[in-house]
Each structure stands twice: as C-alpha cells, then as structure tokens.
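See below for the structure under consideration.
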C-alpha cells in the first residue's frame, strides 16, 4: 500500500472505531441527547438542519478565506519590508509580537464597535489572528539563504532585485508554505472566535452563532453538528495548504521529497 | 601569476589559502596591501566585467532549478538573451559530460556530478581566470581523480588560467604547473615550487617516480614550515 493511502486509511479506521464505540456507549447507557448525542443523531441533525447549518458554514468560510487572503498579502508585504530594512524590522517586530500575544477575545469587542460593517470587523479580527505566522515564517525564509549561493550572486554582481527574485524568494517558499499551513487554521479559529464575540450582539449568522443559539436552546445535537462542520472545514483547509505546498515545492525540497 | 598557468595554493587548514583566493575574487577585502589583477588594483579592475569565475568548495547550486537553469544563471544575471544562453549552456554541459542531465534537479545527481555542474557554470561565462576553492575536497578519491583529469583537459583545451586551492599534496602535484606552499600562524607563502612535468598527465603519472619525488619535496617543505610534525594538518 502506498504511504499516501496509509496516511488516510489509518486515521479513517480509527475514526470509525471511535464513532462506533461512542454510538454503542450512548445507546447502551441510555445517555439523553441533551447531554451527549450519539453520532447517528448528530448526522441526522446535519441532514435535517442542512440549510441552516451549511448557510452558516458559508458565512464562516467566507470570513475565514477573506481573512486568510488578507493575512497572506499583508504578512508577505511586511516580511519583504523587514528584509529590505533592518531598521524597519527592529522598529516594528515587537509590535507584531504584541499583536500575536494579545488575545483576540479581548480586542474583538473593540474592533466590532469601531468597525460598523459586521463582515469587515470579523475579517479584521481573524486577520489579526492569522497574520503573525506568515510574517515570521516569510521573514525567516527570505533570510535563510544559502551563504555560498549568496556569495556567488555577489560575485556575479547580481543586483538587489535579481538576488531577491532569483534567490531569496525561491529560498523562502518552503517557509512561506509552512506559514500558510499554520495560518489557514488560525484564520478559521479567528473567524469563529470573532463570531462568538459578535454573535452575542446579534450581528453574526455563522457557525459560532449557531453553536451559541443551540446552546441557549439546549439543542445539543445541533451544537455537535456545527462543531463537526468547523472541525472538518479546518482539516480540509490544512489538507488544501499541504497539497498546495507539495505541488509548488514538489521535487526539490527535502520536506516534500519522497525518500528514495 | 602568468597567463595559461595552473597554480595551486597548498597548505594546512587556517593558512589563509581560501582567504587569498577570495581576495582575488573581491569577496574579501585585504586588511593590508593591495591585490593586483591584470596589472591593475582590484578596485579599478572590478569596474569592467571581469572574465573571472569562482568555483566553491560546495557545488552551491539552486536546489529548485534544473541543471540547465543553474548553469545558465551567470548568463541570466548578465542579461544574455535566452536562446544564445541556452546554446552556450548546452555546449558547457557537454564539455563536462552532463549533456543528458540538463533537465535533472541537483538533488538527483551525485556529489561528483553536482561539482561538474558547478564547473560548467563557472566556464559558461568563458572566463580567462578560474578560481577554485577546494572544489573536490568533499568527494571520494576515485571521483576526485577523475575530475582532476577532466579539469586538466578543460584547462588545456580552453587555454584557461587556473588558481586552485587544495590541502592535498597529490592533487597539487598532479594538476599544477606551479605550487605555492603556504603555512599557518601567520599565514604566508613559504615556497614557490615548479612542477616541471609534461602534459597531458595521465594515471601513469600518479604512480611515477617523478610524481613521488615532487610529493616528497612538498611534504618536506610543509613539515618544515609548520615547525612540528603535525601530520593531521597535512592530511
């Protein structure tokens, strides 16, 4: 069996076993659905409330993707600025860290108050969460140039621009894709957290809002269904980024190259 | 150094042979004194495009680019049109015996082949002076001997001037018209030894009496210069 197939097969098998165990225990011990619903019950809700749940998923996904795109563009721009000027990096990097360590839950209410448009405010929150790994990884990547190759470029009297285009950017790609992988997940988390904060104000209609509503109504199966959708979305985003990275780095980089 | 010569800097680690080479290339500034290149101070000489190439200890290839793109790099940087560059690269690859590997990635090649790519990249700009910093130091002896022989053939056919750094006495004797023996602490050139043997030098030369005599002489100079019998530094 190919290693790629094994990577999918074994986790899937484990999931089947765990779900079976869960279903069996819930049925055997007769646990009420408002405490722990059985997987089957959750699946039923996923189908019966599909319109509502997938509508909410679309909202959350839109915010996640917008935030992810903003974080990528902004992060890369900042990283390039950092690499061009040590001064700029020294001045700004502490603030990037500050942004990273401040809990988004604490600043989300402010942002939601300041920015009128609900979508924009949520996107800003999620962007702030997803931004740092892109900045940090891309900066590191642009700096992690093979010293020998850099001497060679110097020797050939390469311009700054040529060095950037032909040496720094290709060298940075593996790090950049590592950053994308982390940030894709963070963008989703940021979107959900921001929705939680905003949702209580009645502006949201995303998955977090559904979880809150379901919680108030003690509709625990729907809560689980929404949670499952968030998780699956996160996993799919990660897989998408991993695939993109494999496609772009393909044969040349050690992290993606097959062992021979 | 005269044109067409094959001069080797031979010495233990830390005697400054690589540094001297890098000064010639303009990668390192001398702390005192001047480097003269083509009869001019380096600063003035560097203003015109210099017909000089540097081959490093490692192959220093771009791992993401094919062999063809790697060899074409100096031409791309100099703005040579793509079509002309490609023909020159193909010719260069053929001259190091790698014509079939133009589309391979560096990681698919052995260490010796990667070094050949690096040499092809050095030659594609048609330099008159080739600076080589222990280019075959990381290779096994069999591969190294093969590449040494190939290098001599290229040197002859292209009329190159080569300045070669090594810490192998045998490599120095096999390749050079002249060996500059260096010593460490302080780094200095202690002797200028001519290797007056005819080219082409084949495998027979490596086991000839003349070869051993030259090697013996270089070894004696190195031992004397280092003061103590430091066998490890002479390797």
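Residue numbers (our numbering), protein chains in the order written: chain A, 19 to 278; chain B, 1367 to 1601. Don't be surprised by glycine CBs; every beta carbon is placed ideally from N, CA and C.
Counterpart residues of residue i in DSSP-defined beta bridges
{"i": "residue 1549 of chain B", "result": "B:1554"}
{"i": "residue 1529 of chain B", "result": "B:1373 and B:1497"}
{"i": "residue 1559 of chain B", "result": "B:1545"}
Proximal residues of chain B, C-beta to C-beta of residue i below 7 Å
{"i": "residue 167 of chain A", "result": "1426 and 1428"}
{"i": "residue 270 of chain A", "result": "1429, 1430, 1471 and 1473"}
{"i": "residue 55 of chain A", "result": "Near residue 55 of chain A there are no residues of chain B at all, since even the closest Cβ is about 50 Å away, more than 7 Å."}
Presumed contact (8 Å Cβ cut-off) between residue i and residue j, rounded CB distance
{"i": "residue 5 of chain A", "j": "residue 157 of chain A", "result": "This structure does not reach residue 5 of chain A, given that chain A is present from 19 up to 278, and the question cannot be answered."}
{"i": "residue 1459 of chain B", "j": "residue 1468 of chain B", "result": "6 Å"}
{"i": "residue 189 of chain A", "j": "residue 166 of chain A", "result": "Going by Cβ atoms, the distance from residue 189 of chain A to residue 166 of chain A rounds to 12 Å, so no, they are not a contact pair."}
{"i": "residue 242 of chain A", "j": "residue 60 of chain A", "result": "5 Å"}
{"i": "residue 247 of chain A", "j": "residue 71 of chain A", "result": "6 Å"}
{"i": "residue 142 of chain A", "j": "residue 89 of chain A", "result": "That belief does not hold up - the Cβ atoms of residue 142 of chain A and residue 89 of chain A are roughly 11 Å apart, past 8 Å."}
{"i": "residue 1369 of chain B", "j": "residue 1491 of chain B", "result": "That belief does not hold up - the Cβ atoms of residue 1369 of chain B and residue 1491 of chain B are roughly 17 Å apart, past 8 Å."}
Proximal residues of chain A, C-beta to C-beta of residue i below 8 Å
{"i": "residue 1391 of chain B", "result": "173"}
{"i": "residue 1335 of chain B", "result": "Nothing about residue 1335 of chain B can be reported from this structure: the residues present for chain B run from 1367 to 1601 only."}
Residues that residue i contacts on chain A, provided the C-beta gap is smaller than 7 Å
{"i": "residue 1420 of chain B", "result": "173"}
Cross-chain neighbours of residue i in chain B, by beta carbon under 9 Å
{"i": "residue 58 of chain A", "result": "Under the 9 Å cutoff, chain B gives no residues; its nearest Cβ is about 49 Å from residue 58 of chain A."}
{"i": "residue 231 of chain A", "result": "Within 9 Å Cβ-Cβ: nothing; residue 231 of chain A doesn't reach chain B, min ~50 Å."}
N- and C-terminal bounds of the beta strand (DSSP E) containing residue i
{"i": "residue 1419 of chain B", "result": "1418 to 1421"}
{"i": "residue 94 of chain A", "result": "Counting along the chain, residue 94 of chain A falls outside any beta strand (DSSP E), though it belongs to the alpha helix (DSSP H) covering 68 to 102."}
Alpha helix (DSSP H) segment containing residue i, residue limits
{"i": "residue 1499 of chain B", "result": "Careful: residue 1499 of chain B lies outside any alpha helix (DSSP H), inside the beta strand (DSSP E) at 1495 to 1499."}
{"i": "residue 1464 of chain B", "result": "Element bounds for residue 1464 of chain B: n/a, residue is neither H nor E."}
{"i": "residue 1569 of chain B", "result": "1569 to 1572"}
{"i": "residue 25 of chain A", "result": "21 to 47"}
{"i": "residue 223 of chain A", "result": "Element bounds for residue 223 of chain A: n/a, residue is neither H nor E."}
{"i": "residue 1481 of chain B", "result": "1477 to 1489"}
{"i": "residue 250 of chain A", "result": "238 to 267"}
{"i": "residue 156 of chain A", "result": "136 to 161"}
{"i": "residue 186 of chain A", "result": "No alpha helix (DSSP H) holds residue 186 of chain A; DSSP gives it neither H nor E."}
Below-8 Å beta-carbon distance, residue i vs any chain A residue
{"i": "residue 1414 of chain B", "result": "A caution first: residue 1414 of chain B carries a pLDDT of 47, below 50, which makes its placement in the model unreliable, though a value can still be read off. Not an interface residue."}
{"i": "residue 1501 of chain B", "result": "no"}
{"i": "residue 1564 of chain B", "result": "no"}
{"i": "residue 1387 of chain B", "result": "no"}
{"i": "residue 1443 of chain B", "result": "yes"}
Contact test: residue i Cβ vs the ligand ZN heavy atom, cutoff 7 Å
{"i": "residue 1590 of chain B", "result": "The ligand ZN is not part of this structure, which contains no ligands at all."}
Min CB distance residue i to chain B below 8 Å
{"i": "residue 176 of chain A", "result": "yes"}
{"i": "residue 164 of chain A", "result": "yes"}
{"i": "residue 277 of chain A", "result": "Because the pLDDT at residue 277 of chain A is just 43, under 50, the model does not fix this residue reliably, and the value given afterwards should be weighed accordingly. Chain B, which has no Cβ nearer than 8 Å to the Cβ of residue 277 of chain A, makes this no."}
{"i": "residue 170 of chain A", "result": "yes"}
{"i": "residue 180 of chain A", "result": "yes"}
{"i": "residue 151 of chain A", "result": "no"}
{"i": "residue 188 of chain A", "result": "yes"}
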